[in-house]
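Undergrad:
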Amino acid sequence: MNLKGMEEEDFYGRFSADEDGRLANLFWRDSRSQADYNAFGDVLIVDSTYKTNLYGKPLAVFVGCNNHRATVVFGFSLMSDEKEETYAWVFEYFLIAMKQKCPQAVLTDGDEAIRNVLQSLMPKARHRLCSWHIGRNIGQNVKDSDVQQSLGKLIFASLTTEEWEEAWDYIVASNGLENNLWVKSLYNKWESDEGFNAIMIEFGRMNEESMKYKDANQEEIPNVPELNSNMLRDPPVVKTKGMHTNRTNNIESSKAEQRGCGICGVSGHNRRTCDVGGENATDGVNHGSVERRRVEEGET
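The working numbering applies: residue -1 is where the sequence shown begins, and numbers increase by one.
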C-alpha cells in the first residue's frame, strides 16, 4: 500500500492492527475511485463478500453507477468482522477519503450494524434495502412459491403507502405469515427506512411525467416518427471466419444444391451408374437423352 501511495499521489489507504500486531481492518481507494465518487456518489451501494480472500475476512465493496449505467468502484475494505464498531471505523475513513462528501442514498443488505452506523455518520442519507438481497431472502425464508412471487412483486410495486400496506396485510393474513419472524423483521426494516416504497413511487411519478412530456412535444412538432421503445436494438448476426456453422443447415443446403444425373436428370446417381443410359442400361441406348430431345423438339 505504501508503494501504491508512492506511485499514485491521490491514493488513500488506512489500516488498523489488533492486540497481537496483526492486520485487523484495511480501507483503500485510488484516484479514479475518488473522481468517480465526486461525479456519481449521490447513490452508494455497500455489499460484503465472504471467503474471497486468503484469510476468509469479509470484504466490503463500495460501488455506484455512472451516467452509462455501468458499475463504478468507490473503494474497498477488508474487515476483521461485521460488528458495529468495525463498520464505524470503515465508514469514518471512507468519508475522510471522500472529503466528507455524504451520499444522498445508501443501499445495503439491511444489516443492523450498518444501519446504526449510517444513522450516526450519515443521518441525512436515505437508507434503502437492496432488492436483490430481499429477493434472495424471500426464497430462503418463505417456502411457498406463490407467496414468494406475491412478495417479490411488492419490491418494485409503484403503489401509494395505503395501497402497499393493504397488499402487504392481505398477503400476510391469507398465507398465515403473522408469526413468521423474518417477515416481521423485514416489515420493520421497511417501515423504519422512511417507507420503503417511497422511492419507487417517486420513480414511477417521474417516469409518467417524462412520458407525458415526450408525447406533448411529439404532438406539437409535425412529421415526428414514432420512436421505438427499444432505444438500441441488438446488432445483426453476420457470418465471420470463426463463426460456428449450423451443421443441419449445411446438410440441407448440400441436398438442395445436389446436381441431378446428366442422362435422366434424377439426383442420387451419375451418368455412369444411370440405369437409363449409363453402363447399367440394358439396351445401351441413352433413353434419357432421346426422351429429352423429343420433348425439346415438341414431340409427344
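We put the CB at the ideal spot given by N, CA and C, even for glycine.
1) Quick one: what does DSSP say Gly135 is sitting in, helix, strand or coil?
2) Nearest CA to the CA of Asp8: which residue from Asn139, Arg27, Met77?
3) Keeping to the same chain, check which residues put their C-beta closer than 7 Å to that of Ala111; ignore five residues upstream and five downstream.
4) Taking the alpha-carbon positions, what's the Trp166 to Leu152 distance?
5) What are the uninterrupted segments assigned as beta strand (DSSP E) that are 3 or more residues long and contained completely in the stretch 121 to 187, given in chain order?
6) On the criterion of 16 or more Cβ atoms from any shown chain inside 10 Å, does Gln32 qualify as buried, or is it exposed?
7) Using the C-alpha atoms, what's the distance from Ser46 back to Val104?
8) Of the residues Ser172, Ile136, Leu21, which one's Cα is nearest the Cα of Tyr53?
9) Taking Asn64 and Val70 to be in contact with their CB atoms under 8 Å, please state how far apart those CB atoms are, rounded to whole angstroms.
10) Quick check on DSSP: helix, strand or coil for Asp107?
11) Could you work out which residue in Arg67, Asp40, Phe25 is closest to Val59 when comparing CA atoms only?
12) Cutting at 7 Å between CB atoms, please list the residues of its own chain near Glu176, excluding the five before and the five after it.
13) So if DSSP puts Ala15 in a beta bridge, which residue, or which two residues, is it bridged to?
14) Buried or exposed: which applies to His242, given that a residue is buried once 16 or more other Cβ atoms fall within 10 Å of its Cβ?
15) What residue ranges within the stretch 17 to 85 form continuous beta strand (DSSP E) runs of no fewer than 3 residues, ordered along the chain?
16) What residues in its chain sit with their C-beta under 7 Å from that of Phe92, if we drop five residues either side in the sequence?
17) Could you tell me which of Gln117, Gly108, Tyr185, Ala95 sits nearest to Thr102, measuring between CA atoms?
18) For Ala123 and Ile43, what's the separation of their Cα atoms in angstroms?
19) Within 10 Å of its beta-carbon, does Pro223 have 16 or more other beta-carbons around it, so buried, or fewer, so exposed?
20) For Asp40, would you say it is in contact with chain D, using Cβ-to-Cβ distances shorter than 7 Å as the test?
21) Could you check whether Gln146 and Val140 sit closer than 7 Å to each other, using their CB atoms as the reference points?
22) Would you kindly work out how many angstroms separate the C-alpha atoms of Asn114 and His125, rounded to a whole number?
23) Using the C-alpha atoms, what's the distance from Val88 back to Glu164?
24) Is the separation between the beta-carbon of Asp109 and that of His131 shorter than 7 Å?
25) Assign Val288 to one of three DSSP states: helix, strand, or coil.
26) Looking at the strands, I want to know which residues DSSP matches up with Tyr10.
27) Can you find the residues in the same chain that come closer than 6 Å, C-beta to C-beta, to Tyr35, ignoring five residues on each side of it along the sequence?
28) According to the neighbour-count rule (16 or more other Cβ atoms, all chains shown, within 10 Å of its Cβ), is Trp162 buried or exposed?
29) Do you know offhand how far Gly348's Cα is from Asn178's?
TA: By the coordinates alone:
1) For the purposes of this step, residue 135 is taken as residue 137 along the sequence shown, with counting starting at 1. According to the sequence shown, residue 135 is Asn rather than Gly. Helix.
2) As a position in the sequence shown, residue 8 is number 10, starting the count at 1. Checking every option, the nearest Cα to that of Asp8 belongs to Arg27.
3) Here residue 111 corresponds to residue number 113 of the sequence shown, with the count starting at 1. Once the five neighbours on either side are set aside, the close Cβ partners of Ala111 are Glu80, Lys81, Glu82, Tyr85.
4) Position 168 of the sequence shown, counted from the start, is the residue given in the question as residue 166. Position 154 of the sequence shown, counted from the start, is the residue given in the question as residue 152. Rounded to the nearest angstrom, the two C-alpha atoms are 8 Å apart.
5) For the stretch 121 to 187, the full-length beta strand (DSSP E) segments reaching 3 residues or more read 124 to 127 along the chain.
6) Working through the sequence shown from its first residue, we reach residue 32 at position 34. Result: buried.
7) Working through the sequence shown from its first residue, we reach residue 104 at position 106. Working through the sequence shown from its first residue, we reach residue 46 at position 48. If you take the alpha carbons of Val104 and Ser46, they lie about 14 Å apart.
8) One-based indexing of the sequence shown puts residue 53 at position 55. Residue Leu21 is the option with its Cα nearest to Tyr53.
9) In the sequence shown, residue 64 corresponds to position 66, counting from 1. In the sequence shown, residue 70 corresponds to position 72, counting from 1. Taking 8 Å as the upper bound for CB-CB distance, Asn64 and Val70 are in contact here, some 5 Å apart.
10) Position 109 of the sequence shown holds residue 107. Three-state DSSP puts Asp107 in coil, outside helix and strand.
11) On the sequence shown, residue 59 is found 61 positions in, with the first residue counted as 1. Nearest of Arg67, Asp40, Phe25 to Val59, Cα basis: Phe25.
12) For the purposes of this step, residue 176 is taken as residue 178 along the sequence shown, with counting starting at 1. Closer than 7 Å at Cβ, skipping near neighbours: Val170.
13) Along the sequence shown, read from residue 1 onward, the residue named residue 15 stands at position 17. Note: Ala15 is bridge-paired with Leu21 in the DSSP secondary-structure output.
14) Along the sequence shown, one-based indexing puts residue 242 at 244. Only weak support exists for where His242 lies, its pLDDT of 48 falling under 50; the value from the coordinates is given anyway. Using a 10 angstroms sphere on the CB of His242, the tally of other CB atoms stays under 16, which defines it as exposed.
15) Counting whole runs of 3 or more residues, the stretch 17 to 85 contains the beta strand (DSSP E) stretches 21 to 27, 41 to 47, 57 to 63, 69 to 76.
16) For the purposes of this step, residue 92 is taken as the residue at position 94 of the sequence shown. Cβ within range, chain order: Phe25, Phe60, Gly73.
17) Position 104 of the sequence shown, counting from 1, holds the residue named residue 102. For the sequence presented, residue 102 should be read as Gln rather than Thr. Checking every option, the nearest Cα to that of Gln102 belongs to Gln117.
18) Taking the sequence shown and counting its residues from 1, the one referred to as residue 123 is at position 125. Taking the sequence shown and counting its residues from 1, the one referred to as residue 43 is at position 45. In a straight line, the C-alpha of Ala123 is about 12 Å away from that of Ile43.
19) Here residue 223 is taken as the residue at index 225 of the sequence shown, counted from 1. Confidence at Pro223 is low in this model, with a pLDDT of 48, below 50, so the placement of that residue is unreliable and no value is reported for it.
20) No chain D appears in this structure, which consists of one protein chain only.
21) As a working note, residue 140 is residue 142 in the sequence shown. As a working note, residue 146 is residue 148 in the sequence shown. Going by C-beta atoms, Val140 is nearer than 7 Å to Gln146.
22) The residue labelled residue 114 in the question sits at position 116 within the sequence shown. The residue labelled residue 125 in the question sits at position 127 within the sequence shown. Cα to Cα, the separation comes out at about 11 Å.
23) Locating residue 164 in the sequence shown gives position 166, counting from the first residue. Locating residue 88 in the sequence shown gives position 90, counting from the first residue. Going by the C-alpha atoms only, they are around 39 Å apart.
24) Counted from its first residue, the sequence shown places residue 109 at position 111. Counted from its first residue, the sequence shown places residue 131 at position 133. No, these two residues do not count as a Cβ contact at 7 Å.
25) Mapped onto the sequence shown, residue 288 falls at position 290. Because Val288 carries a pLDDT of 47, less than 50, the predicted location of this residue cannot be relied on, and no value is offered for it.
26) As a position in the sequence shown, residue 10 is number 12, starting the count at 1. BP columns for Tyr10 point to Arg27.
27) Reading the sequence shown from its first residue, position 37 is the one you call residue 35. If we look at Tyr35 and ignore the five residues flanking it on each side, its Cβ neighbours are Phe72, Met96.
28) Residue 162 sits at position 164 when you count from the first residue of the sequence shown. Buried is the call here.
29) Residue 348 is absent from the structure shown; the chain starts at -1 and stops at 298.
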